[in-house]
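**Q** Here you go, one structure.
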Amino acid sequence: MHKEKIAHTMALPPVTEQPNVFPLSWNAHTAKMEEVWDAAQRENWDPKQLAWDTFDVESYSWEEREAIAYWWTLLSCFDASAPPVFAEALIKCYEDHEEDPVRRCFFSVTRDEQNHEQMCGLAITRLLEHPDPLTYTPKTALGKKLQRNAHWLYFNGGRYWTGYKKAVPKYSLAVLFSSFLMGEIAAATIFKQMHDNTRELVFKEAFRNIGRDEGRHMAICMALMERDYPKLPAEDRAIVTKQIRAGYLFLSAVLFEPPMEFWDLPADFIEVQREAEEVARGAGFGIPTYEAKKENWKNAMLNLKGVLDRYDIPFPAIPEVGISGQEISQVDMDDIIPVF
Ligand SMILES: [Fe+2]
Ligand SMILES: [Fe+2]
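Anchor point for the sequence shown: position 252 equals 252 in the working numbering, and the numbering is continuous, going up by one each time.
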């Protein structure tokens, strides 16, 4: 930092050292990013403006309310961490002097994820008549078990933040968001299924909007990969393979079921969650069945494999859904960078 005044000693100031937080340029090379940004502007929505006046929470039993609120809580364990994750990525875009449409795309993802987080909060607060699923007093036996599940999800979800913050300056955007792409592919489908199978109007609207947002996030990842993967250094390719496996393990908790060797959860966690899903489905809340989730998750992975094959990046083995590939062992919470 120059503390002494120097302007009187030279015609032009010294060159600003990099990385510096902001570029003073508006380069645009990736046309696809500009298209996605335009779509994000057109499709922006406000969770508060959904048809909340049509939502009669009292038409649901307390068990149903707690079961549906649990699903939103599960989603929040991912979507409530997404705004800071993307805010951090947005800062990186500026420090790296990323092209202008890329900066705007990451800004739009940050805003979208904020909307998803708001939506989780609005749903939970109405369903439970309390703004916090962890301090809420459960009304039913199932609600009590679900709250314990929620505590464990939150504990697990909180473990990757420090690792993420360390990873951001170390890796390129394309590497950082490789596993995230898988989440976006699967999320776009799962929200579409939930939209189709949900009866309650306000949730249906939310799922349609969230699904559309996730589709754009997927397009952003794809455009970034197309731009950067052809020139990806060999050492980064190995990291991408590992990240895909890590992303599978992490995101399975919301898009499929949490793999117990990776998530630190009570033994009856999945059983309790399945019980809640059954109750929620019975109340017209369209959580896909185990088989439908598995199919969706597998297809997302095969799609991603198709992308990575194009760039000669080895795909990890995902035996859980029957995909063979490179064996990746010892993934833990410190290794992961994924979100959705
Ligand atoms: Fe999201
Ligand atoms: Fe997303």
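Beta carbons are placed, not taken as given, at the ideal position from N, Cα and C, and that holds for glycine. Just so we're clear, the structure is a prediction, and the values are computed from it rather than from any experiment.
Indicate, with yes or no, if ligand 2 has a heavy atom lying under 7 Å from the CB of A219.
**A** no
**Q** Between the C-alpha atoms of V254 and K294, what's the straight-line distance to the nearest angstrom?
**A** Cα to Cα, the separation comes out at about 12 Å.
**Q** Span of the alpha helix (DSSP H) holding F107?
**A** D100 to L128
**Q** Tell me the start and end of each unbroken alpha helix (DSSP H) in the segment 216-260 that is at least 4 residues and wholly inside, in chain order.
**A** 234-255
**Q** Given L201, which residues of its chain have a CB within under 7 Å of its CB, disregarding the five upstream and five downstream residues?
**A** A51 and T54
**Q** Starting from the Cα of A187, find the closest Cα among D46, Q18, V321 and N296 and give me that residue.
**A** For A187, the nearest C-alpha among the options comes from N296.
**Q** Residues in the same chain with beta-carbon distance under 7 Å from K204, minus the five sequence neighbours each way, listed in chain order, please.
**A** Closer than 7 Å at the Cβ level, and outside the excluded window around K204, lie H195 and T198.
**Q** Give the straight-line distance between the Cα atoms of Q147 and L134, rounded to the nearest whole angstrom.
**A** 6 Å
**Q** Counting only runs that start and end within the segment 38-98, where is the beta strand (DSSP E) found for 3 or more residues in a row?
**A** Entirely contained in the segment 38-98, not one beta strand (DSSP E) run reaches 3 residues.
**Q** Got a sec? Which residues, its chain only, sit under 6 Å from D361 by beta carbon, not counting five neighbours each side?
**A** Absent from the structure is residue 361, since the part of the chain shown begins at 1 and ends at 340.
**Q** What would DSSP say about V339, mapped onto helix, strand or coil?
**A** Legend: pLDDT at V339 = 48, less than 50; position of this residue unreliable, value from coordinates given subsequently. Of the three classes helix, strand and coil, the one that applies to V339 here is coil, per DSSP.
**Q** Let me check one thing: in DSSP terms, what residues is I287 bridge-paired to?
**A** Its beta-bridge partners do not exist; DSSP assigns none.
**Q** By a C-beta neighbour count over all protein chains shown, 10 Å radius and 16 as the cutoff for buried, is M182 buried or exposed?
**A** buried
**Q** Below 8 Å, can you find three or more Cβ-Cβ pairs linking the segment 141-155 to the segment 82-91?
**A** At 8 Å Cβ cutoff, the stretches do not touch.
**Q** In terms of alpha-carbon separation, which member of A28, V102 and L122 lies closest to D46?
**A** L122
**Q** Indicate the three-state DSSP secondary structure (helix, strand or coil) for P13 in the structure shown.
**A** coil
**Q** For L128, tell me which candidate among V175, A67 and F155 has the shortest Cα-Cα distance.
**A** A67
**Q** Just the C-alpha distance for F340 and A69, rounded to the nearest angstrom, thanks.
**A** Any reading at F340 must be qualified, since the residue scores a pLDDT of 41, below 50, and its modelled position is unreliable; no value is offered.
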